[in-house]
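So the protein sequences, as listed, match chains A and B.
Quick note: the first sequence, position 153, residue 225 per the numbering used here, numbers continuous.
Quick note: the second sequence, position 191, residue 1301 per the numbering used here, numbers continuous.
Ideal Cβ positions, reconstructed from N, Cα and C, are used throughout, including at glycine.
See structure below.
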Amino acid sequence: MLKWLAQLDRLLRGETTRPESLRDGQIEIAAGGLAILIVVLGMIYGLCMGSYSLLKGPSAADVDANARYLQLIASTIKVPALFYLTLLVTFPSLYVFNALVGSRLTMGNVLRLLIASLAVNLAVLASLGPIVLFFSASTKSYAFILLLNVTVFSVAGFLGLVFLMQTLNRLTSIDWSRDRSLEAAREPISSADDAAEIFLEPAAHGDPSALELPPGQALGRHTRLVFGCWVVVFALVGAQMGWVLRPFIGSPGLPFSWFRERQSNFFEAILEALRALLTTGG
Amino acid sequence: MRAWLAPADDVLRQAPWIMSNLETRRALLRLAFCIVAFALLYGAMMGTFRGIAGQSQWMRQIVYSAVKVPILLSVAFAISLPNFFVLNSLFGLRRDFGQAIRALVAAQAGLTIILASLGPVTMLWYASSANYQHALLFNGLMFAVASFSAQWLVRGYYRPLIVRNRRHSLMLWTWMFVYALVAIQLAWIMRPFVGSPASEVQFLRADAWDNAYVYVIRLVWQAVF
C-alpha cells in the first residue's frame, strides 16, 4: 500500500512522466497497484459524499431509520464504480480509434496512461473530500450540496484530463524525435562537406518542410485529436453514468433506493438544481 | 484472447498481410472471421434494449439482433458486388479487382470492429433513456460514426490502387454510395434490431416491406419538431 502511495506521489509530482522517463514510449507504472488505489480513493470520497444523508438526520420519507447508513454504503461503492464503468464504456472505442489513426500506443500502454490519469483525477477528488464533508455538515440546502459535488467532480476530472493530454503530448513528441533520429541514422554522412553543411545549417535539415510533415508528427497530431475527442466523450459519458447510478447524495425528500427510475438526464437535472438554488433557496 | 484480437488490431493498423498477394485464402478467412465475430458482438449489445428495460423475452431479442447484424452486412455486400464488378470491368480495372475486393472486405471488417467498440456507449444510452425512438436514432448515429471512420480505413487500403490508376477513386465513391443505399434499405426490411417494447419479439416484422428513407425523414422530423 505504501509503495503504491509513493508511486501516486511520484505521479503527482510529475517524476513518472518526465520526458526522459518516457523515452521508451511507455509509462513505467504498476497499473495494478494504482487501480486498487483508485478504488480506495474513490471510496474515501464516496464516504464524504454520502455523509450528507447521515448528518441530516432521518429524512421524512424514510420509514426505516437504517436507510441513512445504506445511502452511505451505496455512495462508497458507487464512486469507484462510476469511474471504472465510465472507463469500461469509453475504452474500447478510444483504443479502436487510436489504432485507426496509426498511433504506436499499444493496448497496454493506452490502459496504463488512462489508469495514471484516473489516479490523478481520484487523488484530487479525494483531497477535496474533507471540504465536501464540512459543507455536508454545515449546509441544509440539497441543491447546494448537489452543485458543490458536481463542481468538485468537474475540477478533479479537468485536472486528470489535462494530465492525460500533457502526458500524451510528451509521448507523441518523443515518438517524433525518435523518428527523426532514425532517419538521420539511415542516411550516413558521406563526406566532410556534408557534415559541415549539416552542422552549419541545422534548420534546413532538422525542420520539416511546410508541405511534408515527418511521419511521426503527422500521426502524433491525429492521435492527439482522437484523445482530445475522447476527453470530451469521457466527460459526457461520465456525467451521464453518474446520472444512471444516482442517487449518490440522497435527496432528503425521497426514500432511500439503490437506483432511481430511468428519466431525464444529467444536464437537465443540473439546470433544475441551479433553478432551485436561485429561486427557492433549495 | 490476445491471439483473437490480433487480427482486429492488424485491420485497424493496416498490416501488410491484408493486402499482400500471398496467402489470399487465409487472409480472407481471417477477415471474414473478424466481420462475423464483431458484428455478432455489436448485434448482441444492440439487442439489450428489452433486457435493460426488464421486459420479457429479452434473451430471444439479443440472439435475434446478434444474428441479424452479420447477415445484414454480408447480404448488403453481396447485393452491391455484381454492380461493382461490372463497373470495374467497364472502366478497365479488372486486373486490380482482387485487390479492390480485399480492400473492401478489410474495410468491412474495420466497420464491424469500430461498431463493436461503440457498443458499450449504446448500452449506456439504453440505461439512461427508455425512449424507443431515441434508441433507434442513437443506433443510427453509431452506425453513421462507424461508417465515416471505416471510410478513413478504406481510403488507406485503396491508396496504392488509386496511385496506380486514378479511376479507382471514382469506383470507391460509387461503391460507398451503392453500399450505403442498399444497406440502409436492407436494415429497414430486416427490422427490428432493437425491438420495440410495444410489440412482440419476432425475427422479422410481417409488415416490413416498405421504404426506409421515407420513414427516417419522418422520424427525424418528429424528434426535432
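- The Cβ atoms of Val-1121 (chain B) and Ala-1237 (chain B) do not sit closer than 7 angstroms to each other.
- Less than 7 angstroms separates the beta-carbon of Gly-322 (chain A) from that of Gln-143 (chain A).
- In this structure, DSSP gives Ser-199 (chain A) a helical state, which the three-state scheme calls helix.
- For Asp-1119 (chain B), the chain A residues whose Cβ falls inside 7 angstroms of its Cβ are Ala-171, in order along the chain.
- Interface flag for Arg-85 (chain A) against chain B is unset, since no Cβ pair is found closer than 7 angstroms.
- Taking C-beta atoms as the reference points, Ala-1226 (chain B) and Phe-1143 (chain B) fail to come closer than 7 angstroms.
- Under the three-pair Cβ rule at 8 angstroms, the segment 1166-1180 of chain B does not count as touching the segment 1325-1333 of chain B.
- At a Cβ-Cβ threshold of 7 angstroms, Phe-235 (chain A) and Val-192 (chain A) count as neighbours.
- The DSSP-derived three-state label of Thr-88 (chain A) is coil.
- Chain A places a beta carbon closer than 7 angstroms to that of Ile-1224 (chain B), counting this residue as a contact.
- By a beta-carbon distance limit of 8 angstroms, Ala-195 (chain A) contacts Leu-80 (chain A). Their separation comes to about 6 angstroms.
- The Cβ atoms of Leu-1234 (chain B) and Ala-1260 (chain B) do not sit closer than 7 angstroms to each other.
- For the segment 1215-1241 of chain B, the residues whose beta carbon sits under 8 angstroms from a beta carbon of chain A are, in order, Gly-1220, Ile-1223, Ile-1224, Ala-1226, Ser-1227, Leu-1228, Gly-1229, Pro-1230, Val-1231, Met-1233, Leu-1234, Ala-1237, Ser-1238, Ser-1239 and Ala-1240.
- The segment 157-170 of chain A makes contact with the segment 299-309 of chain A; the number of CB pairs closer than 8 angstroms reaches 3 or more.
- Around the beta carbon of Gln-1209 (chain B), 16 or more other beta carbons lie within 10 angstroms, which makes this residue buried.
- An exposed status is given to Pro-1126 (chain B), since fewer than 16 other beta-carbon atoms sit within 10 Å of its beta-carbon.
- Closest in C-alpha terms to Pro-319 (chain A), from the list A:Gly-310, A:Ser-123, A:Leu-308 and A:Phe-331, comes A:Phe-331.
- Per the coordinates, the alpha-carbon of Ser-93 (chain A) lies some 34 angstroms from the alpha-carbon of Trp-1262 (chain B).
- With respect to Val-173 (chain A), Val-309 (chain A) sits apart: the two C-beta atoms are not nearer than 7 angstroms.
- For the segment 320-346 of chain A, the set of positions with a beta-carbon nearer than 7 angstroms to some beta-carbon of chain B reads Arg-334 and Asn-337 in chain order.
- Beta-carbon to beta-carbon, Asp-1206 (chain B) and Leu-1271 (chain B) are separated by about 6 angstroms, close enough to satisfy the 8 angstroms threshold.
- Sorting A:Gly-86, A:Ile-108 and A:Phe-155 by C-alpha distance to the C-alpha of Trp-76 (chain A) places A:Ile-108 at the top.
- Straight-line measurement puts the Cα of Leu-1203 (chain B) at about 10 angstroms from the Cα of Arg-1274 (chain B).
- Judged by their CB atoms, Val-1311 (chain B) and Gln-1171 (chain B) are nearer to each other than the 7 angstroms cut-off.
- Nearest in C-alpha terms to Leu-157 (chain A), of all of A:Ala-311, A:Ala-188, A:Ala-345 and A:Phe-338, is A:Ala-311.
- The beta-carbon separation of Leu-343 (chain A) and Ala-215 (chain A), rounded to 11 angstroms, does not stay under the 8 angstroms limit for a contact.
- Counting the other Cβ atoms within 10 Å of the Cβ of Val-204 (chain A) gives 16 or more, which makes it buried.
- Collapsing the DSSP output to three states places Thr-162 (chain A) in a helix.
- Between Leu-127 (chain A) and Ala-209 (chain A), the gap from beta carbon to beta carbon is short of 7 angstroms.
- Neighbourhood of Arg-1123 (chain B) in chain A, by CB distance below 7 angstroms: Ala-171 and Gly-174, in chain order.
- Per DSSP, the unbroken alpha helix (DSSP H) holding Met-1281 (chain B) starts and ends at 1277-1299.
- Chain-order list of chain A residues neighbouring Leu-1282 (chain B): empty, with the shortest C-beta distance near 18 angstroms, by a criterion of under 8 angstroms.
- At least 7 angstroms separates the CB of Pro-152 (chain A) from every CB of chain B.
- Note on geometry: alpha-carbon atoms of Gln-1295 (chain B) and Met-1155 (chain B) lie some 22 angstroms from one another.
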